[in-house]
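S.K.: I'd like to ask you about the structure that follows.
Chains as they are written, first to last, in this note's numbering: chain R, 1 to 117; chain U, 118 to 247.
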């Protein structure tokens, strides 16, 4: 923990938040595919990819300094933000199944982080 | 619950197909991560120019592109909140690939972690009661 600068953690947090909006744009853009596969080239997906690139840029900057065991699991915070946006923007239900699955996954990622040197 | 639910069997098949596509997405994503790790290790210049001239980093990005296409296809019919955390399977493949290819020593925390992730994904993949 001590070997990880706060700035790196902030970069990872920012990357996870930006990335979660990328997921929202992907979901929005995916709806266009109902008109046919080549509608995969649409503005929402393009925007989603750009947002992911921005997130990726913060991610690469973030993992350059500090301990992977702290920084790596922070990316998975994006799953939490995405759960919130899915409810807010797409009216997807909160279910016990989703909470349990997500909690286990976050716990697992935390352990993977503990083992990363 | 599902707006597109015409008949339950069709919905269940579509859901399973979506989960399988995200599964494929994570395999490609894991390969992408290994390339990006190689690239980040050899990042001479931290700026944008240094990143776009870094071949392993770019290869990783292309693989990410392919995995994104699979994710989008999955999201067409599936719930974002259900499918998105499944991407954590990427951690499982990266850990297993590192053990096999890079001869990492098996770490008890990592092994426990990927086991818990697999259980978590199984919970999400389980047929919901609605």
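Virtual Cβ for every residue (Gly too), placed ideally from N, Cα, C.
Under a Cβ-count criterion, where at least 16 other Cβ atoms within 10 Å of its own Cβ denotes burial, should residue 231 (chain U) be classed as buried or exposed?
M.R.: Per the 10 Å Cβ criterion, buried.
S.K.: Within the same chain, show all residues whose beta-carbon is closer than 8 angstroms to that of residue 238 (chain U), passing over the 5 residues directly before and after it, in chain order.
M.R.: Closer than 8 angstroms at the Cβ level, and outside the excluded window around residue 238 (chain U), lie 202, 203, 205 and 206.
S.K.: What does residue 212 (chain U) reach in chain R if we use C-beta pairs closer than 7 angstroms?
M.R.: In chain order: 112.
S.K.: Taking all protein chains shown into account, decide if residue 185 (chain U) is buried (16 or more other Cβ within 10 angstroms of its Cβ) or exposed.
M.R.: Result: buried.
S.K.: Quick one: is residue 78 (chain R) buried, meaning 16 or more other Cβ sit within 10 Å of its Cβ, or exposed?
M.R.: Burial call: buried.
S.K.: Measuring only the C-alpha atoms, how far is residue 241 (chain U) from residue 200 (chain U)?
M.R.: When rounded, the distance between both Cα atoms is 8 angstroms.
S.K.: Answer with yes or no whether the minimum CB distance from residue 47 (chain R) to chain U is below 8 angstroms.
M.R.: Not one chain U Cβ lies under 8 angstroms of residue 47 (chain R).
S.K.: Pull out every residue of the stretch 170-194 of chain U whose Cβ sits closer than 9 angstroms to any Cβ of chain R, in chain order.
M.R.: Flagged, chain order: 174, 178, 181, 182, 185, 186, 188, 189, 190, 191, 192, 193 and 194.
S.K.: Using 8 angstroms as the threshold, is the C-beta distance between residue 54 (chain R) and residue 25 (chain R) below it?
M.R.: Contact flag unset, no.
S.K.: Residue ranges of each alpha helix (DSSP H) run of no fewer than 4 residues wholly in the stretch 162-202 of chain U, ordered along the chain?
M.R.: Here the runs fully enclosed are 165-169, 172-194 and 197-200.
S.K.: Kindly give me the distance between the Cβ atoms of residue 148 (chain U) and residue 174 (chain U), rounded to whole angstroms, as I take these residues to be in contact under 8 angstroms.
M.R.: No, residue 148 (chain U) and residue 174 (chain U) are not in contact; Cβ-Cβ is about 13 angstroms, not under 8 angstroms.
S.K.: Any beta-carbon of chain U closer than 8 angstroms to the one on residue 23 (chain R)?
M.R.: Judged by the 8 angstroms Cβ criterion, residue 23 (chain R) is in contact with chain U.
S.K.: Looking at C-alpha atoms only, which residue of R:63, R:28, R:9 and R:8 is the closest neighbour of residue 49 (chain R)?
M.R.: Cα-wise, what sits closest to residue 49 (chain R) is R:28.
S.K.: Closer than 7 angstroms, Cβ to Cβ, to anything on chain U: give me those residues from the stretch 66-77 of chain R, in chain order.
M.R.: Going along the stretch 66-77 of chain R in chain order, one finds 76 with a Cβ nearer than 7 angstroms to chain U.
S.K.: With a CB to CB cut of under 7 angstroms and the five nearest residues on each side skipped, what residues in its chain are close to residue 188 (chain U)?
M.R.: 139 and 142.
S.K.: Chain B partners of residue 63 (chain R), CB-CB under 8 angstroms?
M.R.: Absent here is chain B; the protein component of the structure consists of chains R and U.
S.K.: Distance, Cα to Cα, residue 217 (chain U) vs residue 211 (chain U)?
M.R.: Spanning the two alpha carbons is a distance of roughly 10 angstroms.
S.K.: Give the interface partners of residue 129 (chain U) over in chain R, defined as CB-CB distance under 9 angstroms, in chain order.
M.R.: Result: empty, since nearest Cβ-Cβ is about 15 angstroms, beyond 9 angstroms.
S.K.: At 9 angstroms on the CB atoms, spell out the chain U contacts of residue 82 (chain R), in chain order.
M.R.: Residues of chain U passing the Cβ test: 197, 198, 201 and 202.
S.K.: Give the secondary structure of residue 225 (chain U) by DSSP, where H, G and I count as helix, E and B as strand, and everything else as coil.
M.R.: The answer is helix: DSSP assigns residue 225 (chain U) an H, G or I state.
S.K.: Under 8 angstroms by Cβ, that's how I've got residue 23 (chain R) and residue 197 (chain U) pegged, so tell me the actual separation to the nearest angstrom.
M.R.: Yes, residue 23 (chain R) and residue 197 (chain U) are in contact; Cβ-Cβ is about 6 angstroms, under 8 angstroms.
S.K.: For residue 99 (chain R), count neighbouring C-beta atoms within 10 Å of its own C-beta (all shown protein chains included) and say buried if the count is 16 or more, exposed if not.
M.R.: Counting Cβ neighbours within 10 Å, residue 99 (chain R) comes out exposed, since fewer than 16 surround it.
S.K.: Roughly how many whole angstroms lie between the Cα atoms of residue 102 (chain R) and residue 229 (chain U)?
M.R.: Going from the Cα of residue 102 (chain R) to the Cα of residue 229 (chain U) covers about 16 angstroms.
S.K.: Name the chain R residues whose beta carbon is nearer than 8 angstroms to that of residue 234 (chain U)?
M.R.: The contacting residues are 104, 105, 108, 109 and 112.
S.K.: Kindly say whether residue 231 (chain U), judged by its beta-carbon, lies nearer than 8 angstroms to any beta-carbon of chain R.
M.R.: So yes, residue 231 (chain U) belongs to the interface.
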